[in-house]
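Going line by line, the protein sequences match chains Y and S.
For the first sequence, this note's numbering assigns the number 1 to the initial residue and increments by one for each residue that follows.
For the second sequence, this note's numbering assigns the number 224 to the initial residue and increments by one for each residue that follows.
All residues carry an ideal CB built from backbone N, CA and C; glycine is no exception.
Small disclaimer: the values here were computed from a predicted structure and weren't measured.
There are 2 protein chains.
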Amino acid sequence: MSPGQQTTPPTARTTTGRTYRGADRRQRQDERRARLMEAGIETFGTIGYRNATVDRVCAAAGLTKRYFYESFDDSEELLLAVYGRVAEELHTRIVADAEAAAPDIEAQVRAALTALFRTIGDDPRLARIAFVEILAVSGTVDSAWQAVNTAFVDTILQLTQPYLDAADLSETDLEILATGVLGAVVLIAQRWILGERAQPIEALVSNAHTLVMAVVSRVAALD
Amino acid sequence: MSPGQQTTPPTARTTTGRTYRGADRRQRQDERRARLMEAGIETFGTIGYRNATVDRVCAAAGLTKRYFYESFDDSEELLLAVYGRVAEELHTRIVADAEAAAPDIEAQVRAALTALFRTIGDDPRLARIAFVEILAVSGTVDSAWQAVNTAFVDTILQLTQPYLDAADLSETDLEILATGVLGAVVLIAQRWILGERAQPIEALVSNAHTLVMAVVSRVAALD
DNA sequence: TGATATTGACACTGCGGCGTATCAGATGCA
DNA sequence: TGCATCTGATACGCCGCAGTGTCAATATCA
């Protein structure tokens, strides 16, 4: 487990590196990685993952390939990292606003939808990455997409949990329904972004709200 | 408009060609095109458009590149042709079954959903092409996807038209709602395909039906 | 100030796919 | 049967990108 001996402490110190422009090795590396992530959002979110080459991302980051491979094995790894961050940001904002509007379920749904459409309206790159570019890349990326969807489905179920207790639906049924609700919102968002964002946000929120509440009411009321 | 003169009728006859293996030029070309389309469905629907090269499609068709370029300019053109056919097939089946179940709206919705999930269950390649591979390819392909979505949204609105007359919703509102309904079904289908098709078709149909009818009822009843 | 680490620009190799061209063999026509 | 067409296999040139290597310029430390 330890073929390498500590005979060369000076060499070992190389790992730490020296400070440069006021930042130590780790800080510089982290900053470069952050710039690459931002460049990934910009590149994937505008020209698309398919047209994004390592060189293009590096140009957007103002760095060279050398530092790309310092932080990522390949562009797919950057995509996964970027996607993870985008999905987390969307999730965080939606949940935060929804919880702030508790306990009124209608207000919560409205807050969640408003948070979503506002966020992607302010930065359509996020929507393109989260809802479009992430699909059909590779099995690994598909898995990540599945995982994120599962997380959102779970969140939907948690938020509506208090209102679904009476429903005698199986866990599977609830998951399918929540998947449907998620899909409804996603497609509305997709078409809004890929079109010219013709409709005002209020119309999106209002109709998505109608749809979601129709489902929640129906399920809560049984039938 | 006519720099070329008809000075060479024999050459012009070349266009007609000679029969070969019992088929004339046009028939052979059509048959090759059909084989390429089928190979496109197989290739795009299994390994995906991203991994599909012209050579691979040709190998699947049992033809060489020469005949690929006889019928298509590039692989994107084949994708568009394949997508058009797949979308049309789905649309045709769904509408046919839905209309056969008229005039009971509940039965129509159930028939439409059953037709969809049956079709993609029998041939998951269609679902992969229609719902996954088609996204994030190019602006042209995006437009085709938008057009197909619009067609499905219109179909949903037509099918539910009799029940929405009373609703005082604008055209825009109805389109957004129909988009949501479509998205719900699509995401349920996507997750079903990308997962291991764990749930039985009946569960998908049943829950999608619940969701769709919840929306239709809510809209029809006003509120 | 000199030695060393760090940076950025760029050259280089290798791979894989696209689109075209070539050619020998098979098929149909006169 | 001989000639023209069609077919299929394969070769070829080209280009773009991935990933690595080189080197001079710059910043830090002793």
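Using a Cβ-Cβ distance under 9 Å, would residue i count as near chain S?
i      : result
Y/Y163 : no
Y/E42  : no
Y/R50  : yes
Y/R118 : no
Y/L80  : no
Y/T114 : no
Y/G62  : no
Y/R125 : no
Y/G84  : no
Y/D74  : no
Y/P10  : The predicted position of Y/P10 is uncertain, since its pLDDT is 34 and thus under 50; a value taken from the coordinates is nonetheless stated next. For Y/P10, the answer is no, since every Cβ of chain S falls outside 9 Å of its Cβ.
Y/S71  : no
Y/A102 : no
Is residue i close to chain Y? Criterion is C-beta to C-beta, closer than 9 Å.
i      : result
S/D396 : yes
S/E216 : The first residue shown for chain S is 224 and the last is 446, placing residue 216 of chain S beyond what the model contains.
S/I379 : no
S/V371 : no
S/V277 : no
S/Q252 : no
S/A449 : No answer is possible for residue 449 of chain S: the residues shown for chain S start at 224 and end at 446.
S/Q422 : yes
S/I317 : no
S/Q331 : no
S/D365 : yes
S/I328 : no
S/L313 : no
S/L417 : yes
S/V280 : no
How big is the Cα-Cα spacing for residue i and residue j?
i      : j      : result
S/M224 : S/E419 : Unreliable placement is indicated for S/M224, whose pLDDT of 37 sits below 50; no coordinate value is reported for it.
Y/A101 : Y/L113 : 12 Å
Y/L36  : S/S361 : 24 Å
Y/Q190 : Y/D122 : 14 Å
S/R256 : S/F291 : 8 Å
S/V305 : S/I416 : 19 Å
S/S294 : S/A284 : 13 Å
S/V439 : S/Y386 : 8 Å
S/A390 : Y/N207 : 13 Å
S/A444 : S/Q331 : 19 Å
S/D296 : Y/E38  : 36 Å
S/D247 : S/C281 : 22 Å
S/L286 : S/E254 : 11 Å
Y/P249 : Y/A151 : Residue 249 of chain Y is absent from the model: chain Y starts at 1 and stops at 223.
S/P232 : S/P347 : Low per-residue confidence applies at S/P232: pLDDT is 34, beneath 50, and the placement is therefore not dependable, though the value from the model is reported in the following sentence. Cα to Cα, the separation comes out at about 50 Å.
Y/L90  : Y/R118 : 10 Å
S/E329 : Y/I156 : 26 Å
S/V309 : S/A338 : 14 Å
Y/S170 : Y/T16  : 55 Å
Y/R93  : S/T402 : 24 Å
Y/A98  : Y/A198 : 26 Å
S/A426 : S/V409 : 15 Å
Y/L211 : Y/R56  : 41 Å
Taking C-alpha atoms, which residue in the options lies nearest to residue i?
i      : options                           : result
Y/A289 : S/F295, S/S366 and S/A350         : The structure shown does not extend to residue 289 of chain Y, since chain Y spans only 1 to 223, so no value can be given for it.
S/E300 : S/E329, S/A338, S/A367 and S/R241 : S/A367
S/M436 : Y/L177, Y/A23 and Y/A198          : Y/L177
S/R289 : S/F267, S/T269 and S/Q252         : S/Q252
S/D396 : Y/R50, Y/E31 and Y/H209           : Y/H209
Y/F44  : Y/E133, Y/L169, Y/T160 and Y/Q146 : Y/E133
S/R333 : S/V364, S/L382 and S/N372         : S/L382
S/P423 : S/T363, S/I343 and S/E398         : S/I343
Y/T140 : Y/L211, Y/Q161 and Y/G84          : Y/G84
Y/A130 : Y/Y20, Y/R21 and Y/Y49            : Y/Y49
S/V376 : S/D388, S/Q384, S/E398 and S/D365 : S/E398
Y/V205 : Y/A184, Y/Y20 and Y/V219          : Y/A184
Using 8 Å as the cut-off, classify the Cβ of residue i as near or not near the heavy atoms of the ligand FMN, replying yes or no.
i      : result
S/G263 : Looking at this structure, you won't find the ligand FMN or any other ligand, since it has none at all.
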